[in-house]
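Data block below; observations after.
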Amino acid sequence: MSTVAGVQLHADPDGGLRCWLDTEHARGWLVPAAGATSAGLAEEFQRHLAAAIDHGFVAADAAVLAMMATCHPGALPLLSWGEAVPVCTAAPVSRRRLDLYAIVDHADRIEQVLAAGVRTVQLRMKTPERADARWFELLRGEVKRSVASCEAAGAELFVNDHWQVAAEAGARGVHLGQEDLLALGDAGRAALQATGMALGISSHSLWELCRARALAPRYIACGPVWPTLTKAMPWVAQGTDNLAWWCRMAQTPVVAIGGILGAEQVFEAARCGADGICVVRGLGDRPEMVLPRLQSAMEAGRAAAARDAVVTPLPHPSLVVTPQFKR
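Just so we're aligned, residue 139 is where the sequence shown starts under our numbering, counting upward by one.
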């Protein structure tokens with residue numbers, strides 16, 4: 139057993155490898171993909187770990203790359219949410235493509251984008267600092283209206299954050315960020331999964347991708363693909379190189395999010411293999427006028443991907459390493 143930069147390497151009784159991460163950014167068990175060979179490769183893992191750190195990856199991301207390089211370059215490892223070793227779960231049943239994915243903040247806007255032809259929608263109502271009973275009553279009403287509108291249109295709805303309200307309203311899907319999922323704890327995550335709602339999970343880094351995959355979600359969001367003003371965050375833009383890598387490695391539908399304002403970005407996201415493409419401000423005040431152009435761009439991007447091989451080099455770091463994170 140050895141520890142480098144908060145990455146503690148363990149040998150299983152059969153000689154296989156697994157890592158306990160206790161780094162600045164992630165804590166949990168990192169295990170190779172099922173069927174990956176790891177016996178007797180501890181020294182090789184350490185070399186790859188050091189090389190990834192030297193290339194600017196934080197320790198948690200470096201451990202992911204080292205595990206893949208050592209055990210199976212084409213198979214993503216899993217990262218636990220708690221202290222139990224993650225178990226590889228079955229991938230979700232194949233469903234329709236998510237396509238253009240509108241993120242809105244009230245039920246009236248949902249009806250507007252549905253009328254324009256969008257069939258994947260997220261209701262994102264952030265809880266104000268001084269939310270009172272009246273605000274939560276408003277939230278419940280907006281969620282119920284959104285569920286009814288999407289059911290009538292045959293659209294897929296994901297309610298952001300408020301999973302208990304969503305479950306009470308009969309919603310079929312929710313979207314949660316990783317900090318919120320971590321805060322639920324093991325019992326809370328089990329309760330969420332017991333609702334049967336489809337789960338969308340945000341990811342901004344390699345370790346978050348591995349951790350999201352461990353819950354077998356409906357989709358994993360990759361972002362921000364381009365710089366965005368919608369929300370403040372510490373992450374470096376993923377760019378199309380990281381997005382293409384996510385789409386290739388996730389073994390789960392990937393949704394592109396962040397800075398997608400027009401047809402050019404929609405085309406590139408589709409060309410990278412994104413199953414869904416999130417649009418917030420890009421739909422404008424009259425989505426029915428904008429949507430046909432975005433739809434055409436998405437179809438053209440997918441046609442380009444089918445025609446031309448998309449090169450997926452190793453990803454670049456999505457979080458800047460500060461001196462205390464170095465070995």
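By construction, the Cβ of each residue, glycine as well, lies at the ideal position given by its N, Cα and C atoms. Being a predicted model, the structure only gives us computed values, none of them experimental.
Suppose contacts are defined by Cβ-Cβ distances below 8 angstroms. Is residue i in contact with residue j by that definition?
| i | j | result |
| --- | --- | --- |
| Ala-197 | Gly-144 | yes |
| Asp-399 | Arg-419 | Note that residue 399 is Leu in the sequence shown, not Asp. It is a contact, given that the beta carbons lie within the stated cut-off. |
| Gln-260 | His-313 | yes |
| Ile-248 | Arg-262 | no |
| Trp-219 | Leu-320 | yes |
| Val-374 | Val-458 | yes |
| Leu-214 | Cys-348 | yes |
| Tyr-357 | Thr-333 | no |
| Tyr-467 | Thr-258 | Outside the shown range of the chain, which is 139 to 465, sits residue 467, and nothing can be said about it. |
| Arg-272 | Val-223 | no |
| Leu-429 | Ala-253 | no |
| Thr-378 | Glu-346 | no |
| Cys-416 | Ala-442 | no |
| Ser-287 | Ala-328 | no |
| Leu-344 | Asp-199 | yes |
Classify residue i: buried if its beta carbon has 16 or more other beta carbons within 10 angstroms, exposed otherwise.
| i | result |
| --- | --- |
| Trp-167 | buried |
| Glu-402 | exposed |
| Thr-141 | exposed |
| Ser-434 | exposed |
| Asp-446 | exposed |
| Leu-381 | buried |
| Phe-296 | buried |
| Glu-267 | exposed |
| Met-436 | buried |
| Ala-325 | exposed |
| Met-205 | buried |
| Leu-330 | buried |
| Leu-367 | exposed |
| Glu-280 | buried |
How long is the line joining the alpha carbons of residue i and residue j, rounded to whole angstroms?
| i | j | result |
| --- | --- | --- |
| Thr-450 | Gly-315 | 26 angstroms |
| Ala-388 | Glu-182 | 24 angstroms |
| Met-335 | Asn-298 | 12 angstroms |
| Ala-444 | Val-363 | 21 angstroms |
| Gly-422 | His-210 | 44 angstroms |
| Met-427 | Ala-172 | 47 angstroms |
| His-300 | Glu-289 | 19 angstroms |
| Arg-465 | Asp-192 | Low per-residue confidence applies at Arg-465: pLDDT is 39, beneath 50, and the placement is therefore not dependable enough to give any value. |
| Gly-397 | Gln-376 | 11 angstroms |
| Ala-269 | Leu-277 | 10 angstroms |
| Ala-164 | Glu-275 | 36 angstroms |
| Gln-184 | Asp-318 | 32 angstroms |
| Gly-323 | Asp-150 | 26 angstroms |
| Gly-311 | Pro-372 | 27 angstroms |
| Gly-361 | Ser-340 | 8 angstroms |
| Gly-154 | Arg-233 | 35 angstroms |
| Gly-212 | Val-392 | 17 angstroms |
Contact check, residue i vs residue j under 8 angstroms by CB: the rounded distance?
| i | j | result |
| --- | --- | --- |
| Arg-351 | Leu-216 | 6 angstroms |
| Ala-359 | Gly-338 | 6 angstroms |
| Phe-195 | Pro-455 | 5 angstroms |
| Pro-425 | Gln-250 | 6 angstroms |
| Leu-203 | Ala-188 | Not really, about 11 angstroms apart at Cβ, beyond 8 angstroms. |
Among the residues of its own chain, which have a CB less than 7 angstroms from the CB of residue i, if the five just before and after it don't count?
| i | result |
| --- | --- |
| Lys-282 | Ala-307 |
| Val-169 | Arg-156, Pro-215, Leu-216, Val-223 and Pro-224 |
| Val-285 | Leu-295, Ala-307, Gly-308 and Ala-309 |
| Asp-243 | Arg-262 and Met-263 |
| Ala-201 | Val-145, Cys-157, Leu-159, Leu-168 and Leu-187 |
Leaving out five residues before and five after residue i in sequence, what residues of the same chain have Cβ atoms less than 6 angstroms from its Cβ?
| i | result |
| --- | --- |
| Asp-160 | Gly-144 |
| Arg-235 | Asp-413 |
| Ala-207 | His-186 |
| Gly-439 | Phe-405, Ala-408 and Arg-409 |
Near residue i, which residues of its chain fall below 8 angstroms by C-beta distance, leaving aside the five closest residues on each side in sequence?
| i | result |
| --- | --- |
| Val-448 | Ala-382, Arg-409, Cys-410 and Gly-411 |
| Gln-462 | Confidence in Gln-462 is poor, its pLDDT being 46 and thus under 50, which makes the residue's placement unreliable; the coordinate value appears in the next sentence. Excluding residues within five positions, the ones whose Cβ falls inside 8 angstroms are Glu-162. |
| Gly-292 | Arg-257 |
| His-148 | Met-139, Leu-155, Arg-156, Cys-157 and Trp-158 |
State yes or no: is the C-beta of residue i nearer than 7 angstroms to some heavy atom of the ligand ADP?
| i | result |
| --- | --- |
| Leu-217 | Annotation note on the ligand ADP: not contained in the displayed structure, which lists no ligands. |
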